[in-house]
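Below is one structure, written out as structure tokens, with a few remarks after it.
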Amino acid sequence: MSLDQAHRIVSILLAATSFVGLVLSAHLPEWLSLLTGVALLFVFLRAVECKGIDLVAAKLALSTTSWNILVVTGFLGFWIDSLWISRELLPAGLHFLLVLLVIKLFNLQLRRDYLHLYAISLVAILAAASLTNDLWYLPVFLAYLVCAVWTLLLFQLTKKPEELAATAGTVVPVEAPSEPSRLVSPHLFWLTNGMAAATFGVTLIIFFAIPRVGGGFYQKGFGENIRTSGFSDTVDLGAMGPIKRDPSVVMRVEIPDRTGHEIGRLYLRGVAFDRYDGRSWANELSRRRVMSETAPGTFTLRRNPSQGPAAHGRALRQNILLESLDTPVLFAAPFAETVSGTFTSVQSDLTGALYLPVPTSTRIEYSVVSRSNAVLPADLQPQPISYPDSFVRYFLQAPMHSGRIDDLAREIVQSKRSTYEKALAIQEHLTGNYRYSLDAPLADQASPLEEFLFNRKTGYCEHYATAMVIMLRTVG
1 MSLDQAHRIV SILLAATSFV GLVLSAHLPE WLSLLTGVAL LFVFLRAVEC KGIDLVAAKL
61 ALSTTSWNIL VVTGFLGFWI DSLWISRELL PAGLHFLLVL LVIKLFNLQL RRDYLHLYAI
121 SLVAILAAAS LTNDLWYLPV FLAYLVCAVW TLLLFQLTKK PEELAATAGT VVPVEAPSEP
181 SRLVSPHLFW LTNGMAAATF GVTLIIFFAI PRVGGGFYQK GFGENIRTSG FSDTVDLGAM
241 GPIKRDPSVV MRVEIPDRTG HEIGRLYLRG VAFDRYDGRS WANELSRRRV MSETAPGTFT
301 LRRNPSQGPA AHGRALRQNI LLESLDTPVL FAAPFAETVS GTFTSVQSDL TGALYLPVPT
361 STRIEYSVVS RSNAVLPADL QPQPISYPDS FVRYFLQAPM HSGRIDDLAR EIVQSKRSTY
421 EKALAIQEHL TGNYRYSLDA PLADQASPLE EFLFNRKTGY CEHYATAMVI MLRTVG
């Protein structure tokens with residue numbers, strides 16, 4: 001493989017790794033992710049000289065004027081996106097960044113085009129780093145680091161032909177050969193990979209030796225966020241415990257319209273999960289969308305059929321002062337209808353969970369109006385309730401297990417006729433026959449739910465909640 005071809009390939013791989021990081025960390029529109037992925041695949045096949053791809057590229061070729069028009073159109077779309085669609089500068093900027101990436105991938109002719117591609121890739125990988133703290137970012141970063149070392153080295157090794165052309169007062173594309181092709185030798189291969197490994201080692205030393213600061217371009221603020229657990233898209237049953245007995249105040253909640261005896265027991269809702277595989281919960285309805293801003297700083301939740309019927313209970317207004325957390329989740333009593341605060345944007349997923357675009361580094365104050373699901377006459381009737389197909393798909397799913405849980409659930413509700421009575425019976429069975437403890441090491445069990453129900457009979461909130469949900473799903 002010639003140095004010019006290797007340079008082109010690793011440059012495309014550099015862009016691809018940054019794109020993967022951005023897709024995994026940000027909620028991007030499907031059409032934009034698909035467009036970028038297809039563009040990366042197309043230019044990669046062209047770089048490896050796939051048969052017939054050049055003929056397709058010739059038919060799809062656009063003039064320089066057309067590409068410039070697309071750039072201007074993308075810039076106008078950025079402002080439309082930031083003002084009316086995403087209503088947030090960061091998501092709109094990421095969308096525009098991918099548009100620039102696609103345009104630049106099809107215009108890698110001059111050396112400065114490659115520099116532009118490197119700059120776009122760097123911004124993308126930095127944006128991905130600021131939007132996630134999950135472990136999947138490590139292999140993506142390592143791949144980006146290896147590609148970056150290869151790219152910069154090959155960029156220098158292929159520099160001489162263009163410099164000679166510039167001396168003669170002409171501009172020659174990178175692909176125009178002005179000297180015999182040079183190949184990537186085994187010595188160069190191992191030297192470059194060794195440099196990448198050394199770079200990673202130096203990065204680790206700097207990371208652990210120099211204190212990290214909380215400020216940044218994507219997440220402005222000061223101070224350290226309170227660390228939380230259980231707010232990713234997947235949570236293992238029992239993995240959050242033993243729960244830390246941390247006395248730190250996380251939030252303060254005021255109910256201005258009711259007195260203490262009118263409120264009763266109040267639960268605040270963060271995120272919800274819909275699919276359980278026997279060991280962990282996952283949220284398959286995690287795609288977020290921007291809530292409608294009905295007034296300055298007031299956002300209204302648009303309900304989705306998969307969330308079930310609308311709530312009919314009494315409205316409950318809460319004023320919440322939330323400390324800075326390492327999650328963008330906003331907490332509220334179920335089920336939130338409107339959120340008010342000094343926010344430029346609020347998002348919600350299909351389960352009704354509320355999010356800011358990114359975690360905040362300062363405490364925030366906001367108000368929420370929620371409306372609980374009151375017990376309806378249909379809930380007290382003995383005949384089965386007919387649920388929508390989307391509701392059944394997401395909220396009546398149960399994993400394969402030994403059958404002991406099914407037998408226990410049916411034994412508990414065998415004398416109950418209505419759905420409401422069955423739910424109360426399962427709740428009373430769990431609260432009356434099991435012990436709550438903050439130290440219940442069930443995470444390593446093959447079947448943690450069965451271990452909780454039939455052996456240890458000791459657990460904490462997630463064990464109780466999982467047991468009740470699965471037994472309720474079992475009895476329909």
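The opening position of the sequence shown corresponds to residue 1 in this note's numbering, with each subsequent residue numbered one higher.
Backbone N, C-alpha and C define an ideal beta-carbon position, used for all residues, glycine too.
Here the structure is a predicted model, which means the values were calculated and not measured.
Beta-ladder partner(s) of residue i, from DSSP
| i | result |
| --- | --- |
| Ser370 | Leu316, Ala336 |
| Leu330 | Leu354 |
| Glu293 | Phe299 |
| Thr458 | Arg435 |
| Glu254 | Asn319 |
| Arg269 | Ala332 |
| Trp281 | Val235, Tyr276 |
| Ile364 | Leu322 |
| Gly479 | The shown model of the chain, from 1 to 476, leaves out residue 479, and the question about it has no answer. |
Extent of the continuous alpha helix (DSSP H) to which residue i belongs
| i | result |
| --- | --- |
| Met468 | 461 to 474 |
| Ala127 | 111 to 131 |
| Leu410 | The amino acid at residue 410 is misidentified as Leu; the sequence shows Arg. Segment 404 to 413, the alpha helix (DSSP H) holding Arg410. |
| Ser25 | 3 to 25 |
| Ser66 | 64 to 80 |
| Ala47 | 30 to 47 |
| Ser390 | 389 to 395 |
| Ala148 | 137 to 157 |
| Ala92 | 89 to 105 |
| Val346 | Premise fails: Val346 is in no alpha helix (DSSP H) and is neither H nor E. |
| Leu83 | No alpha helix (DSSP H) holds Leu83; DSSP gives it neither H nor E. |
| Ile385 | First-last for Ile385: undefined, no H or E at that position. |
| Val56 | 53 to 60 |
Counted within 10 angstroms of its Cβ, other Cβ atoms place residue i as buried (16 or more) or exposed
| i | result |
| --- | --- |
| Arg8 | buried |
| Trp84 | exposed |
| Val249 | exposed |
| Gln347 | buried |
| Ala409 | buried |
| Gly52 | exposed |
| Thr73 | exposed |
| His429 | buried |
| Lys422 | buried |
| Arg111 | buried |
| Arg87 | buried |
| Gly201 | exposed |
| Ala315 | exposed |
| Gly264 | exposed |
| Gly223 | Residue placement at Gly223 is poorly supported in this model, since its pLDDT is 48, which falls under 50; the coordinates still yield a value, given next. The residue in question, Gly223, is exposed, as its Cβ has fewer than 16 Cβ neighbours within 10 Å. |
| Phe75 | exposed |
| Met1 | exposed |
| Gly459 | buried |
Limits of the unbroken beta strand (DSSP E) element including residue i
| i | result |
| --- | --- |
| Val235 | 234 to 236 |
Chain-order list of residues whose beta-carbon lies under 6 Å from that of residue i (same chain, five-residue window excluded)
| i | result |
| --- | --- |
| Gln397 | Arg275 |
| Pro309 | For Pro309, the predicted model reports a pLDDT of 49, less than 50, meaning its position is unreliable; a value from the coordinates is still stated below. Counting only Cβ-Cβ distances below 6 Å, and skipping sequence neighbours, we find nothing. |
| Phe299 | Met291, Glu293, Val339, Val346 |
| Gly21 | Ile125, Ala128, Val140 |
| Val368 | Gln318, Ala332, Ala336, Val339 |
| Leu356 | Pro328 |
| Val43 | Ile12, Leu105 |
Same chain, Cβ closer than 8 Å to residue i, five either side skipped, listed in chain order
| i | result |
| --- | --- |
| Gly313 | Arg371, Ser372, Asn373, Ala374 |
| Glu49 | Gln5 |
| Met471 | Ile405, Leu408, Ala409, Ile412, Ile426 |
| Asn107 | Trp67, Asp113 |
Sequence-distant residues of its chain with Cβ nearer than 7 Å to residue i (five each side left out)
| i | result |
| --- | --- |
| Arg404 | Glu450, Phe454 |
| Ala129 | Tyr137 |
| Met251 | Ile320, Leu321, Leu322, Glu323, Phe331 |
| Lys104 | Asp113, His116, Leu117, Ile120 |
| Met468 | Ile426, Gln427, Leu430 |
| Val102 | Leu35, Thr36, Ala39 |
| Thr192 | Val149, Trp150, Leu153 |
| Phe57 | It should be pointed out that residue 57 corresponds to Ala in this sequence rather than to Phe. The answer, listed in chain order, is Arg46. |
| Ala196 | Leu145, Val146, Val149 |
| Leu97 | Ile120, Val123, Ala124 |
| Gln414 | none |
Query raised in the report: Taking three-plus beta-carbon pairs below 8 Å as touching, is the stretch 269 to 283 in contact with the stretch 60 to 73?
Result: no
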